[in-house]
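Data first, discussion second: the structure below is written as structure tokens.
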Amino acid sequence: VPELTGYTYATFIKCDPLPFIGTEGAVCLCQWFERLESVFQISKCKEKYRVKFAMATLRGRALTWWNRRTKAMGIEAANNTPWSEVKKWMTEEFCPQSVIQRTEQELHNLRMKGMEILLRVYGTTMEGGSVCEVLK
Numbered sequence: 001v002p003e004l005t006g007y008t009y010a011t012f013i014k015c016d017p018l019p020f021i022g023t024e025g026a027v028c029l030c031q032w033f034e035r036l037e038s039v040f041q042i043s044k045c046k047e048k049y050r051v052k053f054a055m056a057t058l059r060g061r062a063l064t065w066w067n068r069r070t071k072a073m074g075i076e077a078a079n080n081t082p083w084s085e086v087k088k089w090m091t092e093e094f095c096p097q098s099v100i101q102r103t104e105q106e107l108h109n110l111r112m113k114g115m116e117i118l119l120r121v122y123g124t125t126m127e128g129g130s131v132c133e134v135l136k
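UniProt numbering puts the first residue of the sequence shown at 1, with every later residue one more than the last.
Here it is in structure tokens:
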């Protein structure tokens, strides 16, 4: 592994960054980002190496996506993109707004279902007030 002004890929990889496949969903993407931020901090990874080293942890669908992207814009330009920008790209690709909206709707529906169950089971509280009054 070539030395990069005192910092190497080996230094980065010793901090055990998680792989990202691209099929795990929004929660795993967020966890991957968080783990990488931790690895960057622990290993004192400079900004100019973050994208290059982080993308080396991609597998499967995520790697295919990155390879297409680098082919379109050039590997040097891709690797020199700020990490914050790459995170935006990945969020758009692996957590599209339509999926986020659908998940939020499902969560809303679960909350409504839960409230309906509470009202059916308990109807009123021990003190005689309604469940809705207690939850306010």
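The beta carbon of each residue, even a glycine, is placed where N, CA and C say it ideally should be.
Buried or exposed (CB count within 10 angstroms, at least 16 for buried), residue i
| i | result |
| --- | --- |
| residue 39 | buried |
| residue 17 | buried |
| residue 50 | buried |
Residue i versus residue j: straight-line alpha-carbon distance, rounded
| i | j | result |
| --- | --- | --- |
| residue 74 | residue 63 | 15 Å |
| residue 61 | residue 80 | 22 Å |
| residue 12 | residue 113 | 46 Å |
| residue 103 | residue 47 | 33 Å |
| residue 9 | residue 53 | 7 Å |
Start-to-end residues for the alpha helix (DSSP H) that takes in residue i
| i | result |
| --- | --- |
| residue 88 | 83-94 |
| residue 56 | From DSSP, residue 56 is part of no alpha helix (DSSP H); its letter is neither H nor E. |
| residue 40 | 26-43 |
| residue 60 | 60-73 |
7 Å CB neighbourhood of residue i in its chain, flanking five on each side removed
| i | result |
| --- | --- |
| residue 21 | 59, 60, 61, 62 |
| residue 137 | Only positions 1 to 136 of the chain appear in this structure, which leaves residue 137 out of reach. |
Same chain, Cβ closer than 6 Å to residue i, five either side skipped, listed in chain order
| i | result |
| --- | --- |
| residue 94 | 22, 29 |
Subject >> Cβ contact (3+ pairs, closer than 8 Å) linking the stretch 96-107 and the stretch 38-55 >> reply: no
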